[in-house]
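Just below is one structure, and these are the notes that go with it.
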Amino acid sequence: MKATGHALVVSAFFVLALIIIFQGIYIKNTPRPSETSIIGTFSAGNGPAADAHYIVFERDGVCAHYVQFGDVEYGTYALEDHAVSMTFSDNAACAVYDGDTLYVFAADANQAVPFGKLSHTPTYINVTDRAVPY
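Under my numbering, the residue at position 67 of the sequence shown is numbered 67, and the numbers go up by one with no gaps.
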């Protein structure tokens, strides 16, 4: 009887060890939204402000740039690793996406402007016309 009790304890520890190993593998390989998805709303400045510039990334490759109570400029974007290229009707910009910060390099600027992530969902703040022209 002692042998079967010992075998049962060893089996239980073995099963528990397998569960812990597989759980660790699952957690390690599960993508985190802030690391993998650029989808959402970014703002240059300290949070939502009337004069802050916003960049929105939709799931279908559409991006938008706007200032509250102003016109929305729609464009398209492409993401490759951490490099983002945005094309609008009258200009283009490149950016580097680093988790929760987007560093935008305008075509006519020599430095990057940081945009902090406000939301993991596309959000338009104080914008009345959201008709996407694409």
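Each residue gets a CB set at the ideal place from its N, CA and C atoms; glycine is no exception.
As the structure is a computational prediction, the values presented were derived from the model and not from experiment.
Counterpart residues of residue i in DSSP-defined beta bridges
i	result
Val84	Leu79 and Ala95
Tyr124	The partner list for Tyr124 (beta bridge, DSSP) is empty, contrary to what the question assumes.
Opening and closing residue of the beta strand (DSSP E) in which residue i lies
i	result
Ser119	Val113 to Ser119
Tyr66	Val62 to Val67
Val104	Thr101 to Ala106
Val56	His53 to Phe57
Ala50	Here Ala50 belongs to no beta strand (DSSP E), and DSSP marks it neither H nor E.
Ser43	Gly40 to Ala44
Classification of residue i by the beta-carbon crowding that lies within 10 angstroms, buried from 16 upward
i	result
His6	exposed
Val9	exposed
His65	buried
Ser34	The predicted position of Ser34 is uncertain, since its pLDDT is 44 and thus under 50; a value taken from the coordinates is nonetheless stated next. Exposed, because fewer than 16 other Cβ atoms sit within 10 Å of the Cβ of Ser34.
Ile38	buried
Gly24	exposed
Ala17	exposed
Tyr26	exposed
Same chain, Cβ closer than 6 Å to residue i, five either side skipped, listed in chain order
i	result
Gly75	Cys63, Met86, Thr87 and Phe88
Val113	Ala44 and Val104
Other residues of its chain near residue i: CB distance less than 8 Å, five sequence neighbours each side excluded
i	result
His82	Val96, Tyr97 and Asp98
Contact belief for residue i with residue j at Cβ below 8 Å, rounded distance in angstroms
i	j	result
Ala44	Ala50	With 8 Å as the limit, Ala44 and Ala50 do not qualify as a contact, their Cβ atoms being about 13 Å apart.
Val72	Val127	6 Å
Leu102	Phe42	5 Å
Thr123	Val15	With a Cβ gap of about 46 Å, Thr123 and Val15 do not count as contacting.
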